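If you're matching them up, the sequences are chains E and R in order. Going letter by letter, the first sequence gives residues 3 to 354 in this note's numbering. Going letter by letter, the second sequence gives residues 56 to 273 in this note's numbering. A virtual CB, placed ideally from N, CA and C, is assigned to each residue, including glycine. Since the structure is predicted, the reported quantities are computational estimates derived from the model, not experimental observations.
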Amino acid sequence: MWLVRELLFHRKQHYLNVVANAMAVFLVLIVSVLSDSLAHGISDEIGSLGLDVTMLQVYGEVNDYWFEDFCSEFDITKATPYYSFRYEELSVVSCNDKLYELFEPGLLKGRFLNETDLRNNDNVAVVGSEAYEKNDRKDTVEINGVEFRIIGVLNRSENNLFIDYDKSVFIPVGYDLSTGVRNHSYYYVDGRYAEPYLEDAFGENGYMLINQSSLLKTTGQMSDLVRKVLLFIASVSLAVSLTGMINSMLAGIKERSYEIGIKKVMGASALDIYCEFALESFTVFNIGLVIGLILVTLICRLITSAGIMDICVDYMENLRLLFRLSLAGFVCGLYPAWRAGRISIMDAIRKV
Amino acid sequence: MIKLVDICRTYHLKNQDVKALDGISLEIPDGSLTAITGHSGCGKTTLLNIIAGYDRPDSGLYLYDGRLVNDYDERQMTDFYRHEVSMIFQEFHLLPYLNVYENIRLPLHYQKRRMNNKEIDAVLGQVGLRGYGRFCPHQLSGGQKQRAALARTLVGEVRVVLADEPTGALDRENAYNIVKLLKGMKEYGMTVVLVTHDEDIAMMADRIITLENGHVVS
Ligand SMILES: Nc1ncnc2c1ncn2[C@@H]1O[C@H](COP(=O)(O)OP(=O)(O)O)[C@@H](O)[C@H]1O
Ligand SMILES: [Mg+2]
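Set out below in structure tokens:
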């Protein structure tokens, strides 16, 4: 079509527009893609912690036996209370044998608390690696004047969302040696339907639940916010480039009024001219868009192959964004096109 | 038929008003070849612009086939350009980025008609440009450009052709050929109005209208 030739003829006018648009589109896309893969990365991390465990923290005093009832009521088999308080530099935790099953921290030596220990309330303890060092690798540990025999030492811990094993000493749940504040937490799995009950029991502000999905939700919200802010900034650059495009289209119309005049003499209506110009700026913008897209793809490939981060561009995901960008470009072309349509033959061909 | 009644057109410049047309009344019958002559600056181009509908008179009536062109709205004006009148310029006004074929297709495009290269070749043959279809304007001489412009007007199938000093930029031989082609257009049934200040060329017309300072003197 001859419109293509017209576009090529005026390409000089469009070079800068294409570059500016490509950069702006590039910015918008790269922000979108990067923040997407960052968000994915974070939630993957959280997911890989493998914690389908729910942490329940209860504020205020509770009966020590309610948790057993709670567990049997909701068929929860893997669960442990987690009453902790600070003693010197240690975190002393009263718990049961299920804690090990829940988090599987791994043992450096010895064993974890077992049912017999718990039944007899033996003076036995399992310590984290750092606590073991602090205790000068002795095989007993003294807490508030009570001496405990160390029966196991835990591995140095990997990331764990909830518990810092390393500084902890785990003792049978029957012991309450605290002199001050004791935290009442509970860990369990498969308690999905328990939430209404908890709200009834403790009131809306009497407890806190943390589990993987709620964590994912908050990090998701946060990365979404970051993404939005970044996108906003990138959109500003897009707006700048679009303004530039409008401006140069308007300037171009002055230069090309002669051609517009000829077309009008040949019977082009204002609408014809309007459409031609709208199409032209749409094309120019979309060339920029495609270039920006190619750039983004290349950069992402580069980042991935350099091993910095694993980015895969999800084009379908960004299709809506692309569509909106394209629409913005189109809308911005309308005003110059309208101005072009309004040029009269007299102004165009007859120069004084 | 074109009928002008007491047409006035004044250009308002910053410090003065230029009265380009001052009470022009004339009739141009269908199928005639009319020459308009006069000194430079006497208002010939201004008059032609008004007849073509590019410009509007300050006062006076312009009747085209009995309809008042003064009152045409934008759509009627576009139709007027498409089907009724067309202008041929001294400077040819071909689009520089289109070849001869495409330039000739321009009026067809806006009339939503089509013509293949063969049909256009036939028209190019009429104006003596056969084989130049793929040339771009900058590859053509002045006479050839004007002939391409004529071909463009021919395919537009308008009823009135206005030529504003079409020969002004051409040598005698080319000028003569162009005027012969314009005469041919008249034989074809078109109404031709030719602005020139060349006496010999004016003599080839059915009628000569002479302007002076915005008045018709003969
Ligand atoms: N666009 C314009 N603005 C102001 N004055 C003009 C314009 N066009 C023509 N004129 C003036 O109107 C008069 C008639 O011009 P024109 O019709 O072009 O004469 P011609 O074509 O016979 O040489 C001249 O004095 C010219 O200076
Ligand atoms: Mg003139």
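Please work out which residues of its chain come closer than 7 Å, Cβ to Cβ, to residue i, disregarding the five sequence neighbours upstream and downstream, and give them in chain order.
i	result
Asp355 (chain E)	Beyond the ends of chain E as shown, which are 3 and 354, falls residue 355 (chain E); an answer cannot be given.
Ser45 (chain E)	Leu218, Thr221 and Gly222
Leu40 (chain E)	Ser225
Glu90 (chain E)	none
Ile263 (chain R)	Ala90, Thr92 and Ala257
Ser180 (chain E)	Phe87
Ala260 (chain R)	Leu88, Thr89, Ala90 and Leu249
Lys99 (chain R)	Ile91, Gly93, Val250 and Leu266
Asp176 (chain R)	Arg185 and Gly188
Asn70 (chain R)	none
If I measure Cβ to Cβ from residue i and keep anything under 6 Å in the same chain, skipping five residues before and after, which residues do I get?
i	result
Ile345 (chain E)	Ser259 and Ile262
Ile310 (chain E)	none
Phe287 (chain E)	Asn23 and Gly331
Ala196 (chain E)	Phe76
Val247 (chain R)	Leu88, Val216, Leu237, Met240 and Lys241
Leu244 (chain E)	Cys334
Arg64 (chain R)	Ala75, Leu76, Thr101, Pro112 and Asp113
Arg229 (chain E)	Ser37
Ile212 (chain E)	Met57
If we cut at 8 Å on Cβ distances, does residue i have a partner in chain R?
i	result
Ala253 (chain E)	no
Glu261 (chain E)	yes
Gly309 (chain E)	no
Glu8 (chain E)	yes
Gly335 (chain E)	no
Tyr17 (chain E)	no
Gly43 (chain E)	no
Trp340 (chain E)	no
Val358 (chain E)	With chain E covering 3 to 354 only, the question about residue 358 (chain E) has no answer from this structure.
Phe279 (chain E)	no
Gly269 (chain E)	yes
Ile351 (chain E)	yes
Lys219 (chain E)	no
Taking Cβ positions only, does residue i come closer than 8 Å to chain E?
i	result
His67 (chain R)	no
Glu129 (chain R)	yes
Arg122 (chain R)	no
Leu161 (chain R)	yes
Arg137 (chain R)	yes
Asp110 (chain R)	yes
Gln166 (chain R)	yes
For residue i, which residues does DSSP report across the bridge?
i	result
Ile83 (chain R)	R:Ile57
Asp77 (chain R)	R:Cys63
Thr82 (chain E)	E:Tyr189
Pro174 (chain E)	E:Cys97
Ser141 (chain R)	R:Val216
Arg262 (chain R)	R:Thr89
Phe279 (chain E)	According to DSSP, which records beta bridges pairwise, Phe279 (chain E) is partnered with nothing at all.
Ile145 (chain E)	E:Val148
Indicate, with yes or no, if ligand 1 has a heavy atom lying under 7 Å from the CB of residue i.
i	result
Leu249 (chain R)	no
Gly93 (chain R)	yes
Thr101 (chain R)	yes
Cys63 (chain R)	no
Leu68 (chain R)	yes
Glu294 (chain E)	The sequence shown places Gly at residue 294 (chain E), rather than the Glu named in the question. No, the Cβ of Gly294 (chain E) stays beyond 7 Å of every heavy atom of ligand 1.
Ala107 (chain R)	no
Ala24 (chain E)	no
Val73 (chain R)	yes
Gly86 (chain R)	no
Gly115 (chain R)	no
Gly98 (chain R)	yes
Is residue i close to ligand 2? I mean its beta-carbon at under 7 Å from any heavy atom of the ligand.
i	result
Ala146 (chain R)	Note that residue 146 (chain R) corresponds to Glu in the displayed sequence, not to Ala. Result no, Cβ not under 7 Å from ligand 2.
Glu220 (chain R)	yes
Verify the CB distance criterion: does residue i have a CB-CB separation below 8 Å to chain B?
i	result
Val35 (chain E)	The structure shown contains no chain B; the protein chains it does contain are E and R.
Near residue i, what residues of its chain come up, given a Cβ to Cβ distance below 8 Å and the 5 sequence neighbours on each side ignored?
i	result
Cys275 (chain R)	Look at the range of chain R in this structure, 56 to 273, and you will see that residue 275 (chain R) is not part of it.
Leu5 (chain E)	Glu278, Leu281 and Glu282
Leu120 (chain E)	Asn98, Asp99, Pro174, Val175 and Gly176
Val354 (chain E)	The pLDDT assigned to Val354 (chain E) is 41, lower than 50, so where the model puts this residue is not dependable; a value taken from the coordinates is nonetheless given after this. Excluding sequence neighbours, Val354 (chain E) sits near nothing in its chain.
Asp61 (chain R)	Gly78, Ile79, Ser80, Ser114, Gly115 and Leu116
Margin query: When you compare the segment 195 to 213 of chain E with the segment 152 to 159 of chain E, are there three or more beta-carbon pairs, one atom per stretch, that lie closer than 8 Å?
Written below: no
Next item on the list: Determine contact between the segment 101 to 109 of chain R and the segment 205 to 223 of chain R, defined as no fewer than three beta-carbon pairs at a distance below 8 Å.
Entry: yes
Check: So, do the segment 60 to 75 of chain E and the segment 182 to 190 of chain E have three or more beta carbon pairs nearer to each other than 8 Å?
Finding: yes
Next item on the list: State whether the segment 23 to 32 of chain E contacts the segment 164 to 179 of chain E, with contact taken as three or more CB pairs (one from each stretch) at a distance under 8 Å.
Entry: No, they do not touch.
Item checked: Contact the segment 144 to 159 of chain R vs the segment 204 to 214 of chain R: 3+ CB pairs below 8 Å -> yes
Check: Three or more beta-carbon pairs under 8 Å between the segment 138 to 153 of chain R and the segment 219 to 230 of chain R, yes or no?
Finding: yes
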